[in-house]
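Working notes for the structure below.
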Amino acid sequence: MNKILTTAAISALLVMPLANQAFAETIDRQGGASSQSSPVLVAEKAAKAMQMGSFVEVAPNHPTEGMAKLVEREGEMFLELSSDFKTVSGPAVYVVLHKSSDVGVNIEGTEYINLGKLTSIEGAQSYKIELPAGADINDYKSAVIWCQQFDVTFAAAAFQAS
Numbered sequence: 003m004n005k006i007l008t009t010a011a012i013s014a015l016l017v018m019p020l021a022n023q024a025f026a027e028t029i030d031r032q033g034g035a036s037s038q039s040s041p042v043l044v045a046e047k048a049a050k051a052m053q054m055g056s057f058v059e060v061a062p063n064h065p066t067e068g069m070a071k072l073v074e075r076e077g078e079m080f081l082e083l084s085s086d087f088k089t090v091s092g093p094a095v096y097v098v099l100h101k102s103s104d105v106g107v108n109i110e111g112t113e114y115i116n117l118g119k120l121t122s123i124e125g126a127q128s129y130k131i132e133l134p135a136g137a138d139i140n141d142y143k144s145a146v147i148w149c150q151q152f153d154v155t156f157a158a159a160a161f162q163a164s
């Protein structure tokens, strides 16, 4: 009896991948999705990367790493932080777009758009960009991690065309 169950289990393991492949090929021939299509690739097609940059520490003792990317998705603009984004915590830390590619430690009184409070000190994040009337996204040269309470720039990512 054990031999029969073992043989049946081995046969099932050998046949399942072939059955899955045949099913995927049938769906693909019928014009549906293939098991070989990737959700990541679909997402990349939907989002058009415009500019990107790597974070560089501006204020001493505020290490920040990762990438910032401007993307257009379904007619709207977003700033996306990469999955390897990481910074230090602080009070009232915000994500801003700045008009300069060379951002100083203090930005209060300069030209920037506040995109909102930093969601998390690490990991992928997305912030919707709502430009003021008459503003052009191409006028903003960097993404900035900034502590509003102390007017201290933790880091900035100067944009390069992607």
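Count along the sequence shown from 1, then add 2; that gives the number in my numbering.
Even glycine gets a Cβ: it sits at the ideal position worked out from N, Cα and C.
Query: Name the DSSP bridge partner or partners of Glu113?; Result: DSSP, once it has assigned bridges, lists no residue as partnering Glu113.
Query: If you compare alpha carbons, which of Val60, Met52 and Ser164 is closest to Phe80?; Result: Met52
Query: With a 10 Å radius around its C-beta and 16 neighbouring C-beta atoms as the bar for buried, classify Gly77 as buried or exposed.; Result: exposed
Query: For Ile109 and Thr155, I'd like the C-alpha separation in whole angstroms.; Result: 7 Å
Query: Indicate the three-state DSSP secondary structure (helix, strand or coil) for Val154 in the structure shown.; Result: strand
Query: DSSP three-state label for Ile147, please.; Result: strand
Query: When you compare only the Cα positions, how much space is there between Asn116 and Leu133?; Result: 10 Å
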